[in-house]
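The structure appears right after this line, and notes come after that.
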Amino acid sequence: MADPKSQKFQTLTGMRDMLWPDSARRRLLVDGFVGLVGNAGYKEVVPPLLENLGVFRRIGEATDVVTKEMYDFEDKDGSRIALRPEMTAGVARAFVQHKPALPWKVFYTGSNFRHERPQKGRYRAFDQVGVEVLGPDDPDVDVEVIVLAWRFFEALGLEQVRLLVNTLGEHADRSAYSEGVRLYLESRRSELSGQAQETLQRNPLRVLDSKRREDKAVIGEAPRISKYLSEAAAEHFGRVCSGLDALDVPYTVDDRLVRGLDYYRRTTFEFAADALDAAQNAIGGGGRYDGLVEDLGGPATDGVGFALGVDRILLACDAEEVFAPPVTRLDAYLVDLTGGESARDLTHEIRGAGMSADRRFGAGSMKAQMKAADRSGARFAVIIGSDELVADEVTVRMLRRPDDGSHSDAANGGQGGPTDAQQRIPRRELIEFLRSRK
RNA sequence: GUGGUCGUAGCUCAGCUCGGUUAGAGCGCCAGGUUGUGGCCCUGGAGGCCGGGGGUUCAAAUCCCCUCGAUCACCCCA
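The numbering used here runs 20 ahead of the 1-based position in the first sequence.
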């Protein structure tokens with residue numbers, strides 16, 4: 021950095037400012053999600069960004085998220101607290117604290133923080149949207165949750181999304197399976213990559229996730245979860261699959277799908293965006309976490325949910341060229357050649373009537389004001405010159421047609437684009453004029 | 001935490017290999033052409049300590065070292 025007197029600040033590593041139109045697109049995406057899950061009976065929950073560190077420890081002592089990536093620090097009273105690295109643990113804590121009626125169906129949107137090396141689709145501050153259902157053990161809940169996410173991707177226009185599902189079995193199944201995998205991998209330890217050997221010591225199941233080529237052969241012959249499943253777990257999973265079939269949601273069972281966080285039991289799932297050439301192509305994931313609530317001091321309660329990565333979804337939308345940012349719309353833009361009082365009064369009058377209006381501060385030449393009017397996306401320029409002022413009239417000029425979603429552009433062939441119709445009307449009729457042409 | 005690539009105008013980049021007058025282009029922005037009319041066109045203008053620091057040299061955007069940042073991959077995960 022330069023000399024301290026004139027130090028310029030910029031965003032921290034892995035964090036970024038989102039400016040328009042990216043911010044508009046993100047807003048639209050989040051609003052769409054809220055609408056979708058609201059229709060399914062989910063209510064919003066807004067947990068705090070900071071929690072006692074212990075809340076997040078339950079995510080898994082063997083995970084990087086907990087051991088290496090948390091923004092944790094000491095509070096002023098000496099207690100250990102942390103910025104949330106994900107939402108589920110905080111939501112589960114809220115459940116334990118408030119004891120809401122069952123089933124508790126909630127959704128959330130918000131930022132999470134993980135201290136990792138940033139790369140495409142991975143930031144230290146990232147947005148997620150998600151849902152959680154606490155209470156029912158019914159496999160139909162798993163289905164509802166998965167289908168919700170699937171419909172959301174459909175609504176955005178995404179087509180190259182793959183749904184992967186798996187089951188890790190119940191607690192005992194998972195432990196037995198983990199041990200089975202560990203024994204197997206130990207027996208072929210020398211064939212594994214160095215990284216995989218390290219992972220093996222901490223969390224054998226995670227080795228199955230390795231992307232390194234040298235590990236593939238060994239992983240391919242590893243034991244399958246199906247052999248370790250209890251009857252109940254197998255039946256649960258079977259009903260999840262048949263539910264997805266019934267609702268025509270395509271999926272593939274991937275028995276190597278081991279999700280990162282320790283609290284998952286039974287159903288797990290992940291959404292991969294194939295249009296993303298980046299390594300970070302998981303745009304969402306989730307599963308059952310029966311036992312998490314108990315770990316946090318609550319009654320034994322089943323839970324299932326998912327989290328979707330807003331940033332990655334937007335990246336996937338870019339790759340598939342869908343979900344363009346919304347077009348700016350304005351009902352009127354004021355062009356005032358007489359000093360600005362009319363622009364000031366009319367913008368507020370129009371807004372007060374429930375329509376949208378803007379104007380240019382500092383006025384400028386008519387050309388400058390008209391240019392600004394065009395760029396604003398306004399349908400009409402409302403022009404007030406000295407003639408109009410004296411006659412108590414306004415000139416209303418159409419800048420684009422009602423059905424013209426694009427920015428006006430004379431070069432686009434003229435269909436619905438170029439317009440220049442204008443007329444003078446009494447000033448008191450302006451609101452009615454704009455309203456009748458909305 | 002490890003490795004590769006890259007930092008020049010608001011944005012996208014040229015110039016760097018073979019150091020040498022006021023560092024360029026396109027887009028965007030501002031103004032004028034059109035003294036009351038946007039989108040197209042033409043003209044002009046503003047805007048850069050060439051990421052920062054140090055070194056080599058008569059001379060560094062250009063060569064060397066360090067540093068910071070970005071980016072991609074590993075790891076991990078959304």
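Even glycine gets a Cβ: it sits at the ideal position worked out from N, Cα and C.
Opposing strand residues paired with K125 [DSSP bridges]: V153
Whether V126 touches E64 by CB criterion (8 Å): yes
C-alpha distance - R276 paired with L220, whole-angstrom precision: 15 Å
Within the segment 149-232, ranges of the beta strand (DSSP E) (whole runs, at least 3 residues): DSSP runs (the beta strand (DSSP E)) wholly in the segment 149-232: 181-187.
Spatial neighbours of L56 in its chain, beta-carbon cut-off 8 Å, leaving aside the 5 residues before and after: L168, R171, F172 and A175
Close beta carbons around G80, own chain, < 7 Å, minus the five adjacent residues each side: V86, L281, D282 and Y283
Inter-stretch contact at 8 Å, needing at least 3 Cβ pairs: the segment 333-342 / the segment 177-184: yes
Strand pairing of A145, partner residues [DSSP]: F133
Nearest candidate by alpha-carbon position, reference V414, set A352, R371 and G382: A352
Residue from I404, A145, D229 and S198 with nearest C-alpha to S213: D229
Neighbourhood of A383 by C-beta distance below 7 Å, restricted to the same chain and skipping five residues each side: D356, G360 and Q389
C-alpha gap between G110 and R104, whole angstroms: Approximately 8 Å between the Cα atoms of the pair.
Proximal residues to A196 (C-beta, below 7 Å), its chain only, five neighbours per side dropped: Y248
Endpoints, beta strand (DSSP E) assigned at A292: R285 to A293
Residues bridged to T272 [DSSP beta-bridge criterion]: L184
Stretch pair the segment 126-146 + the segment 160-167: three plus CB contacts closer than 8 Å: no
Coil, strand or helix - M418 by DSSP: Look at M418 here: in three-state DSSP terms it is strand.
Coil, strand or helix - Y91 by DSSP: coil
Beta strand (DSSP E) segment containing G305, residue limits: A302 to R308
Assigned secondary structure, L357 (DSSP; H/G/I helix, E/B strand, else coil): coil
Residue from L48, H368 and A112 with nearest C-alpha to Y309: A112
Secondary structure of A109, DSSP reduced to three states: helix
Pair within 8 Å by beta-carbon distance, F53 and L183: no
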